[in-house]
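Colleague:
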Amino acid sequence: MEDEQLASALSELPCLVEEDEQGREECNKCTRPITACWCPYLPNPPIDVSTNIIILQHPLEERRALRTAPMIQLGLAPGKCTVYRGKKFPSASHVGLAEILRSPLTVILFPGPAAVDVADLPACGESQDQGPLNVLILDGTWRQAKTMYTMSPALHSVRQVMVTGRRCSSYVVRTQPTSACLSTVEAAAACLQHLERRPQLPGQLLQPLHALCRVQLGHGAVPHSSKQELIERGQYERQRGVRTNRMFRQLGVVL
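Counted from 1, the sequence shown has number 157 at position 173 by our numbering; the numbering is strictly sequential.
(1) Going by CA-CA distance only, name the one from 204, 195, 205 that's closest to residue 20.
(2) Using 7 Å as the threshold, is the C-beta distance between residue 171 and residue 93 below it?
(3) From 184, 166, 36, pick the residue whose C-alpha is nearest to that of residue 81; which is it?
(4) Identify the residues that DSSP records as bridge partners of residue 104: which are they?
(5) How big is the Cα-Cα spacing for residue 219 and residue 146?
(6) I'd like the span of the alpha helix (DSSP H) that includes residue 175, first residue to last.
(7) Could you name the residues that DSSP lists as bridge partners for residue 122?
(8) How far does the beta strand (DSSP E) with residue 152 in it reach, from first residue to last?
(9) In this structure, what does DSSP give as the bridge partners for residue 60?
(10) Could you pull out every residue in the same chain whose Cβ sits closer than 7 Å to the Cβ of residue 9, ignoring the five residues on either side in sequence?
(11) Give me the DSSP bridge partner(s) of residue 65.
(12) Find the nearest neighbour of residue 78 within the set 85, 15, 68, judged by alpha-carbon distance.
(13) Determine the contact status of residue 42 and residue 103, defining contact as a CB-CB distance below 7 Å.
Rendered as structure tokens:
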């Protein structure tokens, strides 16, 4: 198993132990153990938005106990978040995705030289000749997301956007590449905050994430520093390889 996958798996051990001890009695909505259910923290009613969130999820991400995509699916109004699973997009099983990718109203949240700040895009309803945007978000580790993007030529022609500004992830129970890297639900919340011009939206959509982290920390999980922070403090125990250095360059991090 790759280092990144091993570290992520180890970070979820308290969660896996908890589920085993609870006899796997789960919430039928979030599929978390009843004692760790975050559904009470979901927006009620679900948040109605104009923007469409399209999640392209790596198959391994679906199996992770601490995934955050369901928080978007349950936190937004029905039909506003769609999940497609796979390693290459689109495939024959991804009904409707090919049309979404061809739409001029579709953008993908992915860093790159051509990516524009999502805050610079017109808000929904500001332009009479433009409808609601479709925002694609790759759901997985950074390495998985990069591989999914590389293996999917249809994504390369989609306009790239990025989230800038001084943001720090609250997803402290999973190791992030840098302190500025966001979980899937945090990325969606940041995009919607700008596109919907609703500054209060992240505070509503991210309550389940904060609840998840509180429960995990209460069951013995340790707050995780990002790889960037560990390296800067001289606490990164593994030798930095070519792929790690390439990842930091692609994320615009200079160490």
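Using N, Cα and C, we set each Cβ at its ideal position, and we do this for glycine too.
Modeller: In short:
(1) 195
(2) yes
(3) 36
(4) The partner list for residue 104 (beta bridge, DSSP) is empty, contrary to what the question assumes.
(5) Unreliable placement is indicated for residue 219, whose pLDDT of 49 sits below 50; no coordinate value is reported for it.
(6) 168 to 179
(7) 40
(8) Element bounds for residue 152: n/a, residue is neither H nor E.
(9) 31
(10) 17, 18
(11) 37
(12) 68
(13) no
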